[in-house]
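*Asks:*
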Amino acid sequence: MMLALGLADWTAGLFHLLTHAFFKALLFLGAGSVIVALHHEQDLLKMGGLRKKLPITAFTMLIGVAAIIGVPFFSGWYSKDMILATVYTHFGEKHAWLFCILAFGTVILTAYYMTRLWLLAFIGMPRDQRVHEEAHESPFV
Amino acid sequence: MTFPLIILAVFSIAVAWGTPIWNAHASYLEHALKRDAPLIRDMRVIIPLIEREDHRDADTAEWLGLGCAILGIIIALGQHLRNVLAVVSDVYLAQILRQRLYFDTLYDWLFTKPTVELSRAVGVFDKNGARSVSEGETSDPRSGFGLRPDYTLDGAFTGAGRLVAFAGKRLAPLQTGSLRGYIAVLGLTVVSSLAILWVLSR
């Protein structure tokens, strides 16, 4: 967002702000749902295999992860693409390559840490049996 | 808490959709924002950007961004799979080594079990195997099939021997000088002879 605003693309910055509001809120709420489900256990390395215990949270968080990564047809893809296009048009300018590297590097990092987060929490074998056994899906409201 | 999650998930997917959906620059929200964008007075910044706008650049950036995202996902998946494989290999490698590379199991399947089965089949005709099962003498339930000894080859030979032994035992008194035996045979002979004469005289 700041990068887009810095490159005078007001629309791209605000567009990403709006889409980001939804999927980041979704991810925060999903994280809260996991923490409540695990009785305030927040150590990601004690989680794992929660997909069957928290199916709705897992699925909605997967949507949030896909959106923030910029998977095509998710909201993040449209806004992130606009910012990247703006950055890329400046590639030939002095020191602009640095912003390109920052932008595309951030895309790699975001895809990496969000995928890893989801895999650690919801996929694989439970790393702490006590935490896993006590886990339950959050209430409807 | 799941209801707000679902609502936010729906918006996270579709809030930026446009027509056609696969065109990243056809978003309704983007068009609305562009329409309502404030005027920027310093056109020295804006005009060069507008002139430089090129769809080829946008397409390149789109594919480049997608490639970067896929790269990040692959790295995360690779790390996750490596950890999973490490755990799995730890468990299974230890099991394999504990079982001595399953050499004994393989040997058992290839040689021991066929040999035992063959022995059991042959054991049907074996006196000791059959007897051990019928009399419950052995702790190994696999030895013999439980046929009675009389029905085996051994049983047939043993029966013939017993028959000869029985006949010999009965005939032995005739050769041992036992008076009681002689009198009994003589008496039976007289009674038999009289019975035959009585039958013939009728």
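So the protein lines, in turn, are chains A and S. Taking the numbering used here, the leading residue of the first sequence gets 7, the next gets one more, and so forth. Taking the numbering used here, the leading residue of the second sequence gets 112, the next gets one more, and so forth. C-beta: ideal position from N, C-alpha, C; glycine also. In this text, all values refer to a predicted model and were calculated from it rather than measured experimentally.
Rounded to the nearest angstrom, what separates Glu228(S) and Arg136(A) at their Cα positions?
*Replies:* Taking the straight line from one Cα to the other gives about 48 Å.
*Asks:* Going along the chain, which residues of its own chain have a beta-carbon closer than 7 Å to the beta-carbon of Phe29(A), five neighbours each way excluded?
*Replies:* Answer for Phe29(A): Gly70, Ala73, Ile74, Ser81, Gly82, listed in chain order.
*Asks:* Report yes or no: is there a C-beta of chain A within less than 9 Å of the C-beta of Gln190(S)?
*Replies:* So yes, Gln190(S) belongs to the interface.
*Asks:* Put Gly129(S) into one of helix, strand or coil per three-state DSSP.
*Replies:* If DSSP states are grouped into helix, strand and coil, Gly129(S) belongs with the strands.
*Asks:* So Asp87(A) is in the alpha helix (DSSP H); what residue range does that whole segment cover?
*Replies:* Its alpha helix (DSSP H) spans residues 81-95.
*Asks:* Can you pull the DSSP bridge partners for Ser138(S)?
*Replies:* BP columns for Ser138(S) point to Gly129(S).
*Asks:* Tell me the DSSP secondary structure of Ser144(A) in three-state form.
*Replies:* The answer is coil: DSSP assigns Ser144(A) none of H, G, I, E or B.
*Asks:* Once you ignore the five residues that flank Leu33(A) on each side, which residues in its own chain have a CB closer than 6 Å to its CB?
*Replies:* Cβ within range, chain order: Gly70.
*Asks:* For Ile126(A), count the other beta carbons within 10 Å of its own beta carbon; 16 or more makes it buried, fewer makes it exposed. Which is it?
*Replies:* Checking the sequence shown, residue 126(A) turns out to be Leu, not Ile. Buried, since its Cβ has 16 or more Cβ neighbours within 10 Å.
*Asks:* Does Glu248(S) get closer than 9 Å to chain A when you measure Cβ to Cβ?
*Replies:* For Glu248(S), the predicted model reports a pLDDT of 48, less than 50, meaning its position is unreliable and no value from the coordinates is stated.
*Asks:* Pop quiz: Ala43(A) and Leu60(A) are said to be a contact at Cβ under 8 Å. What is the actual Cβ separation, rounded to whole angstroms?
*Replies:* About 5 Å separates the two Cβ atoms, so the contact holds.
*Asks:* May I have the straight-line CA-CA distance separating Ala27(A) from Gly130(A), to the nearest angstrom?
*Replies:* About 30 Å.
*Asks:* Going straight from the alpha carbon of Gly189(S) to that of Val126(S), what length do you get?
*Replies:* Spanning the two alpha carbons is a distance of roughly 32 Å.
*Asks:* I want to verify the contact list: residues of chain A whose CB lies under 7 Å from the CB of Ser123(S), in sequence order.
*Replies:* Result: Phe28, Phe29, Leu32, Ile69, Gly70, Ala73, Phe80, Ser81.
*Asks:* List the residues of chain S whose Cβ lies closer than 9 Å to the Cβ of Gly76(A), in chain order.
*Replies:* Chain S residues near Gly76(A): Gly176, Leu177, Cys179, Ala180.
*Asks:* Does the beta carbon of Glu143(A) come closer than 9 Å to any beta carbon on chain S?
*Replies:* Yes, Glu143(A) counts as interfacial toward chain S.
*Asks:* Is Asp87(A) close to chain S? Criterion is C-beta to C-beta, closer than 9 Å.
*Replies:* Judged by the 9 Å Cβ criterion, Asp87(A) is in contact with chain S.
*Asks:* If you follow the alpha helix (DSSP H) that His22(A) is part of, which residue opens it and which one closes it?
*Replies:* 16-43 is the span of the alpha helix (DSSP H), which, as asked, contains His22(A).
*Asks:* Does the separation of the CB atoms of Leu9(A) and Ala109(A) fall below 9 Å?
*Replies:* Result yes, Cβ atoms of Leu9(A) and Ala109(A) sit closer than 9 Å.
*Asks:* Excluding sequence positions up to five away, which residues of its chain have a Cβ less than 8 Å from the Cβ of Ala148(S)?
*Replies:* Nothing listed; no residue qualifies.
*Asks:* Between Ala64(A) and Leu212(S), what straight-line distance do the alpha-carbon atoms span, to the nearest angstrom?
*Replies:* Cα to Cα, the separation comes out at about 40 Å.
*Asks:* Can you give me, in chain order, the residues of the stretch 115-139 of chain A that have a beta carbon less than 9 Å from any beta carbon in chain S?
*Replies:* Hits within the stretch, in order: Leu115, Thr116, Ala117, Tyr118, Tyr119, Met120, Thr121, Arg122, Leu123, Trp124, Leu125, Leu126, Ile129, Gly130, Met131.
*Asks:* Listing by chain order, which chain S residues have their CB less than 8 Å from the CB of Ile62(A)?
*Replies:* Result: Thr113, Leu116, Ile117.
*Asks:* Measure the C-alpha to C-alpha separation of Arg281(S) and Gly266(S) and round it to an integer number of angstroms.
*Replies:* Between Arg281(S) and Gly266(S), the C-alpha separation is close to 22 Å.
*Asks:* Rounded to whole angstroms, what's the CA-CA distance from Gly292(S) to Val233(S)? Just pull it up for me.
*Replies:* Cα to Cα, the separation comes out at about 47 Å.
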